[in-house]
Amino acid sequence: MPDPKKCVRRNHDVAILVLLFLSSFALHVMTAARTVTFSDSGDFLMAISTVGNCHCPGYPLFIMSAKVFSWIFPAGSLAFRVSALSGIFASLTACLIYWVVYRMTHSRIGGVVSGVAYAFSYTFWYETVIPGTYGLNAFFFALLLVLMLRWERMLSEGQRGRADNALAAFAFVFGLALTNHFSVIFLVPTFLFFALDTNWRELFALRNILRMAAFLMLGLLPFIYEPVAAFRGPAYNFGDPSTLTRWFHHITFYHTRRGLFGYPVKFFPARFWRYFPTLVTEFPYFFWLAAVGLAASFLKRNKKYALFLILSFLLTTLPVMSYNQIESVLRAHFYYPGYLVVALMIGFGAAWIAKLIKRWAERRDRFVSATAVGLTGLVLVVFACVSIPVHYGKVDKSRYNYARDMAIKMLKKAEPDGIILADTDNVVFPLKYMQYIEGVSPDVRVIIPSALVVPGWPGADLVNILAPPGQNVSANDPAYARLAKLNCVRVPLYTSGITFDFSSWDLEWQGLLNRVYPTGAPREESRPILVKQGIEPLSNVDSDAREAIFLPDALKAYVAISSGDFRKAERLYESATGYADKNLYVPTLYGCETTSFIFDLWGQVLNWLGDYRKTVRVMPRVNSINPDFASPSYAQALSRCGQADAALNELDDFLAVNSTSAVACIEKGEAEACLGEYERALSSFKKAIELDSDDPRSHFGLGFALFQLKDTKSAAEQFHAVVDKWPQTRWGIEARKFLDELKK
Numbered sequence: 014m015p016d017p018k019k020c021v022r023r024n025h026d027v028a029i030l031v032l033l034f035l036s037s038f039a040l041h042v043m044t045a046a047r048t049v050t051f052s053d054s055g056d057f058l059m060a061i062s063t064v065g066n067c068h069c070p071g072y073p074l075f076i077m078s079a080k081v082f083s084w085i086f087p088a089g090s091l092a093f094r095v096s097a098l099s100g101i102f103a104s105l106t107a108c109l110i111y112w113v114v115y116r117m118t119h120s121r122i123g124g125v126v127s128g129v130a131y132a133f134s135y136t137f138w139y140e141t142v143i144p145g146t147y148g149l150n151a152f153f154f155a156l157l158l159v160l161m162l163r164w165e166r167m168l169s170e171g172q173r174g175r176a177d178n179a180l181a182a183f184a185f186v187f188g189l190a191l192t193n194h195f196s197v198i199f200l201v202p203t204f205l206f207f208a209l210d211t212n213w214r215e216l217f218a219l220r221n222i223l224r225m226a227a228f229l230m231l232g233l234l235p236f237i238y239e240p241v242a243a244f245r246g247p248a249y250n251f252g253d254p255s256t257l258t259r260w261f262h263h264i265t266f267y268h269t270r271r272g273l274f275g276y277p278v279k280f281f282p283a284r285f286w287r288y289f290p291t292l293v294t295e296f297p298y299f300f301w302l303a304a305v306g307l308a309a310s311f312l313k314r315n316k317k318y319a320l321f322l323i324l325s326f327l328l329t330t331l332p333v334m335s336y337n338q339i340e341s342v343l344r345a346h347f348y349y350p351g352y353l354v355v356a357l358m359i360g361f362g363a364a365w366i367a368k369l370i371k372r373w374a375e376r377r378d379r380f381v382s383a384t385a386v387g388l389t390g391l392v393l394v395v396f397a398c399v400s401i402p403v404h405y406g407k408v409d410k411s412r413y414n415y416a417r418d419m420a421i422k423m424l425k426k427a428e429p430d431g432i433i434l435a436d437t438d439n440v441v442f443p444l445k446y447m448q449y450i451e452g453v454s455p456d457v458r459v460i461i462p463s464a465l466v467v468p469g470w471p472g473a474d475l476v477n478i479l480a481p482p483g484q485n486v487s488a489n490d491p492a493y494a495r496l497a498k499l500n501c502v503r504v505p506l507y508t509s510g511i512t513f514d515f516s517s518w519d520l521e522w523q524g525l526l527n528r529v530y531p532t533g534a535p536r537e538e539s540r541p542i543l544v545k546q547g548i549e550p551l552s553n554v555d556s557d558a559r560e561a562i563f564l565p566d567a568l569k570a571y572v573a574i575s576s577g578d579f580r581k582a583e584r585l586y587e588s589a590t591g592y593a594d595k596n597l598y599v600p601t602l603y604g605c606e607t608t609s610f611i612f613d614l615w616g617q618v619l620n621w622l623g624d625y626r627k628t629v630r631v632m633p634r635v636n637s638i639n640p641d642f643a644s645p646s647y648a649q650a651l652s653r654c655g656q657a658d659a660a661l662n663e664l665d666d667f668l669a670v671n672s673t674s675a676v677a678c679i680e681k682g683e684a685e686a687c688l689g690e691y692e693r694a695l696s697s698f699k700k701a702i703e704l705d706s707d708d709p710r711s712h713f714g715l716g717f718a719l720f721q722l723k724d725t726k727s728a729a730e731q732f733h734a735v736v737d738k739w740p741q742t743r744w745g746i747e748a749r750k751f752l753d754e755l756k757k
C-alpha cells in the first residue's frame, strides 16, 4: 500500500511543477516574437520552413522538432510557433532545475527560487522568446543533471537495474544534446567527476559501457537529417552537406569556426572577472544568493555537490571565454549555461536560508514556526520574481518589428532585380527570411560576399560572369569588389555594409542602403528609407534594433567621407554612437560589433580633422559596448597628445588580436620613436613593410629610425624609396628634407 506521506509530498511536487511550468510558459508566450528578429532567427526559420539546413553545425534536432511543432501548434506565424517552442523548453528547464535543487538540498523553496531565477534571468528569457536553440540546449543540460541524480539515487537504494537504465538514458540524452549544440561536451569532466565519486565500478562496468555507447550512437542519429535534407535540394541549404566531406565540414563548424579558442591569453583574466558583474543584471537584487549557496554547499560534510557546482561553473564559462568574439555575442550565445549553474547556486542559497530559519523556528510554537518558514519562503520567491518586472519590457518581443521593417524597406528599395551587399547576419538573415517565407521581393539578390565560399550559399553565379567593358576585375580583388565590378552595370547595386571600401565609386545615400554607381554614371532620384524607434523607452531597445535605427547615419557618414566632407561625417558618427550606447541595459549580439566599428571610424575621422584630444576623450566610451576594444586610431591620438606609453599599450592590445595589421605596426613604430626607443621602432617598421610594402609611412619611419641610429646609408635608401615612389605626399616631402640634410 502506498505511503500516504509520500503521496502528499508527490502531490506537492506536482503542484509546484505545474504552477512553475504554466507561469513560465504564459510569460514566454506573452513576450514571444511574432516575426523574424535579428541574429540567427531568420536562418533557423528558413531551414525550418524549407526543411533545409541552417548554419553549422546544423542543429538537426531543433530543426526537426520545430517543424513538427509548427504543424501541431497552428497558432500565429512560423516565427511565433518556433518562439513558443523555445518557451516550452525554457519552462521545462525551469521545472528540471527545481527538481535538481530539490534533490540536492531537500528544499522545495530552494528549488522554486532556482527555477524562477533562471527562467526569468535576462539572457535566458531574452533568448527563449525568439526562434532559437537556446531553450532546447538548456533543457538538455538540466535533464542530464536530473538523470545523474537519478542514477545516484537508484544506486543508493540498491536498485541496480534502474540505475543502469538511468545511465543508458543519460548517454542517449547526451547524444541528442550533441545534435543541438556541441557545448555540452564541456560538461563531460563534470559528469565524470560526479560519476566517479558516486560509484566508479558501476560506471566502468562492461555492461554499462556497452549500453552507453549504443545509446549514445542512437542519440546522434538526428545528424542524418542534414544530408537527407540536402539530397532533397531545399530552397535553403546552408553548407550543402550532401557529400561526406561537406557533411563532416558542416558538423565540425568548418565554415564558422573562426575564433574558437583564439582569444589572447593576456586578456583572459580581465574577461573572467568581467563575467561576475553581469550577474547583477541577470539576477537583480538577489544575485548574492549564489555566493551564499556556494558557501553553504561547502559547509556540508560531503563536498561532492559543492565541487560539482564549481566544476560545472568553470567548465561552462572558461571554454566559451576562450572564443575570440566580442563579449556581447558571448553573453547572448554562450554564457547562459553558466548562468544556469549560478541559478543552481542561488537555489542552494535560498535552501540554506530557509533551513536556517526553520531550525530557529522549531524552538517556537507551531504558529510562529509555520509563519516564519512561510514568510521566509514567500520573501525568497518574491526576490526571485523581482526579475520579471525588471526584465519584462527589455525582453518583450511581441511587438518587435525592427528586423521585419528594415528588411521590407531594403528589399522594396532594391526592387525589382537589384543586388544588396551585406556584411552582417543582422541584415542578411531578416532579408532572406522575408524573401523565402513571406515572398517579399524574391528577385532581389541579398549577398554576404564573405559567405560565397560556403557550399549551398546563393550568389556564386554573380561572380562567374564576364566582366563588363571598362571594369578591370582582378583575382586579388576582395569578394565584394569583384561582385560590384561584375554586376554594377547590369543591375542596380546597393550596400548596407560599412566595412566595404567603395571610395573609388560614386555613392548615393538612400537611408538603410547606399546605392553604388560606376564613376560618372547618371543617378536616379530616390527617397531615403529609415527605421524609427517605437513607443517603448530607449532603455528597452536592444543593441540590434539600435543598429537598424542608426545605420542610416553610419551609411550617410560613409558617403560624406567619400566626398571629402569629414566635418559632416564626424557629426553623423557622433550622433550614431550617442544613440547606440545611451541607456543601453545590456550589450547583446552583433549590433555591438557594428557600434564598435563605428567608434573606430569616428576616431579615424577625428584624427583626419586633427582633433586628437576629442578622440582621446570619446573613445573610452566604447568599452561599455566592447571591453576589448583597441584601435590604431585611438593609439595615434594618444601618441599625438603626448601619451606614447598609453599608445603602445593600446597597440599591443590591438596586435594581440590583429597581428597582420601593417597600420598598427606603423603606429607602434611611431610611438616607440616618440619615446626614443629607436631599436624597437626599427623592428616595428620592418614588420609593417613585410605586411604591406606599399605604404610610404612605414618606409619613412624606417628611414627615420635608421637615421637616429646613425645608419645613414640605410636611412638614405629608405628616404630615396619614398621620394621616388611617393614624391608628392607628405612623406615624400619630408624624406627629401632628410636627404638634403644627409648631403651636408
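In this text, residue positions in the sequence shown follow the numbering used here: the first is 14, and each later residue adds one.
Each residue gets a CB set at the ideal place from its N, CA and C atoms; glycine is no exception.
Distance between ILE746 and ARG287 (C-alpha atoms, nearest Å): Translated into positions along the sequence shown, residue 287 becomes position 274. Translated into positions along the sequence shown, residue 746 becomes position 733. Going from the Cα of ARG287 to the Cα of ILE746 covers about 48 Å.
Pair within 7 Å by beta-carbon distance, PHE102 and ARG94: By one-based count along the sequence shown, residue 102 stands at place 89. By one-based count along the sequence shown, residue 94 stands at place 81. Going by C-beta atoms, PHE102 is not nearer than 7 Å to ARG94.
Our contact map puts ARG458 next to LEU444 with C-beta atoms below 8 Å; I'd like the distance itself, whole angstroms only. Working through the sequence shown from its first residue, we reach residue 458 at position 445. Working through the sequence shown from its first residue, we reach residue 444 at position 431. That pair is no contact at about 10 Å.
Check ASN809 in the structure and name its three-state DSSP category. Any answer about residue 809 is impossible in this case: the structure gives the chain only from 14 up to 757.
Is it the case that the Cβ atoms of LEU506 and SER52 are separated by a distance below 7 Å? Looking up residue 506 in the sequence shown gives position 493. Looking up residue 52 in the sequence shown gives position 39. No, these two residues do not count as a Cβ contact at 7 Å.
Between the beta-carbon of ALA701 and the beta-carbon of SER711, is there less than 7 Å? Looking up residue 701 in the sequence shown gives position 688. Looking up residue 711 in the sequence shown gives position 698. Cβ atoms of ALA701 and SER711: closer than 7 Å.
Assuming contact is defined by CB atoms lying nearer than 7 Å, are PRO790 and VAL502 in contact in what I supplied? Because the chain in this structure spans residues 14 to 757, residue 790 falls outside the shown range and cannot be described.
Can you tell me the Cα-Cα spacing of MET14 and MET161, whole angstroms? Numbered from 1 along the sequence shown, position 1 holds the residue referred to as residue 14. Numbered from 1 along the sequence shown, position 148 holds the residue referred to as residue 161. Per-residue confidence for MET14 stands at a pLDDT of 48, beneath the threshold of 50, marking its modelled position as unreliable; the derived number appears in the next sentence. Going from the Cα of MET14 to the Cα of MET161 covers about 29 Å.
If you drop the 5 nearest sequence neighbours on each side, which residues of the same chain put their C-beta closer than 6 Å to that of CYS67? On the sequence shown, position 54 is the one that residue 67 refers to. Around CYS67: ASP56, PHE57, ALA60, PHE251.
For a test of the three-state rule: what should DSSP assign to ARG379, helix, strand or coil? Translated into positions along the sequence shown, residue 379 becomes position 366. ARG379: helix per DSSP, three-state reduction.
Would you call LEU32 buried or exposed, if buried means 16 or more other Cβ atoms sit within 10 Å of its Cβ? Locating residue 32 in the sequence shown gives position 19, counting from the first residue. Per the 10 Å Cβ criterion, exposed.
ASN66 - DSSP class collapsed to helix/strand/coil: Along the sequence shown, one-based indexing puts residue 66 at 53. Residue state, collapsed to three classes: strand.
Give me, in chain order, the residues of the same chain whose beta-carbon lies closer than 7 Å to that of GLU165; leave out the 5 immediate sequence neighbours on both sides. As a working mapping, residue 165 is identified with position 152 in the sequence shown. For GLU165, where only same-chain residues beyond five positions count, the Cβ hits under 7 Å are THR211.
Helix or strand or just coil, what does DSSP make of ASP641? Indexing the sequence shown from 1 puts residue 641 at position 628. It is coil, neither helix nor strand.
For a test of the three-state rule: what should DSSP assign to LEU755, helix, strand or coil? For the purposes of this step, residue 755 is identified with residue 742 of the sequence shown, where counting begins at 1. It is helical.
Please give me, in chain order, every unbroken run of the alpha helix (DSSP H) with length at least 4 that falls completely inside the region 203-278. 219-232, 238-244, 257-264
Looking at the structure shown, is TYR413 part of a helix, part of a strand, or coil, going by DSSP? For the purposes of this step, residue 413 is taken as the residue at position 400 of the sequence shown. Note: TYR413 maps to coil in three-state DSSP.
Check the DSSP bridge columns for TRP470 and list the partner residues they point to. Within the sequence shown, residue 470 is the residue found at index 457, counting from 1. Its beta-bridge partners do not exist; DSSP assigns none.
Do you know whose CA, among ASN553, ARG121, GLY360, lies nearest ALA593's CA? Taking the first residue of the sequence shown as 1, we reach residue 593 at position 580. When each option's Cα is compared against that of ALA593, the closest is ASN553.
List the whole-angstrom C-beta distance separating ILE143 from SER99, where the pair is believed to meet the contact cut-off of C-beta under 8 Å. In the sequence shown, the residue the question calls residue 143 occupies position 130. In the sequence shown, the residue the question calls residue 99 occupies position 86. Yes, ILE143 and SER99 are in contact; Cβ-Cβ is about 7 Å, under 8 Å.
Which word fits ARG417, buried or exposed, when buried means at least 16 other C-beta atoms lie within 10 angstroms of its C-beta? Sequence index remark: in the sequence shown, residue 417 carries index 404 (1-based). Result: buried.
On the three-pair Cβ rule with 8 Å, is the region 66-81 touching the region 110-123? no
Hey, out of PRO535, MET167, THR50, LYS80, whose CA is closest to GLU140's CA? Locating residue 140 in the sequence shown gives position 127, counting from the first residue. Residue THR50 is the option with its Cα nearest to GLU140.
Tell me which residues share the same chain as ASP409 and place their Cβ nearer than 6 Å to its Cβ, disregarding the 5 neighbours each side in the sequence. In the sequence shown, residue 409 corresponds to position 396, counting from 1. Excluding positions up to five away in sequence, the list reads THR44.
Exposed unless 16 or more other CB atoms sit within 10 angstroms - verdict on PHE261: Stepping through the sequence shown from its first residue, residue 261 is reached at position 248. Its Cβ having fewer than 16 others within 10 Å, PHE261 is exposed.
Give the straight-line distance between the Cα atoms of LEU722 and CYS654, rounded to the nearest whole angstrom. For the purposes of this step, residue 722 is identified with residue 709 of the sequence shown, where counting begins at 1. For the purposes of this step, residue 654 is identified with residue 641 of the sequence shown, where counting begins at 1. Rounded to whole angstroms, LEU722 to CYS654 spans 25 Å at the Cα level.
Enumerate in chain order the residues of its own chain whose CB-to-CB distance from TRP373 is below 8 Å, with the five nearest sequence positions on each side excluded. Counting from 1 along the sequence shown, the entry for residue 373 is found at position 360. Here the set comprises ALA385.
Which residue marks the beginning of the alpha helix (DSSP H) containing TYR625, and which one marks its end? Here residue 625 refers to the residue found at position 612 when the sequence shown is read from its first residue. It spans 625-631 - the alpha helix (DSSP H) in which TYR625 sits, taken as one unbroken run.
Nearest neighbour of TYR446, chosen from ALA464, LEU465, LEU434, LEU424 [CA to CA]: As a first step, residue 446 is located in the sequence shown; it is residue number 433 there, counting from the start. Among ALA464, LEU465, LEU434, LEU424, the Cα nearest to that of TYR446 belongs to LEU424.
Cβ of PHE228 within 7 Å of Cβ of ALA181? Within the sequence shown, the letter at position 215 stands for residue 228. Within the sequence shown, the letter at position 168 stands for residue 181. Yes, the Cβ-Cβ distance between PHE228 and ALA181 is below 7 Å.
At least three beta-carbon pairs within less than 8 Å, the region 118-128 to the region 581-599: no
Short check: CB of ALA130 to CB of PHE296, under 7 Å? Taking the first residue of the sequence shown as 1, we reach residue 130 at position 117. Taking the first residue of the sequence shown as 1, we reach residue 296 at position 283. Yes.
Take the Cβ of ASP566 as the centre, count every other Cβ of all protein chains shown within 10 Å, and call the residue buried at 16 or more, exposed below. Looking up residue 566 in the sequence shown gives position 553. Buried, by the Cβ-count rule.
Where do the N-terminal and C-terminal ends of the alpha helix (DSSP H) with TRP615 fall, by residue? Numbered from its first residue, the sequence shown carries residue 615 at position 602. Unbroken alpha helix (DSSP H) run through TRP615: 604-621.
Closest to SER576 by CA distance: which of ARG344, TRP615, TRP522 is it? Walking along the sequence shown from the start, residue 576 turns up at place 563. Checked all of ARG344, TRP615, TRP522; the closest Cα to SER576 is TRP522.
Who are ARG584's beta bridge partners in DSSP? In the sequence shown, the residue the question calls residue 584 occupies position 571. Answer is none; ARG584 lacks a bridge partner.
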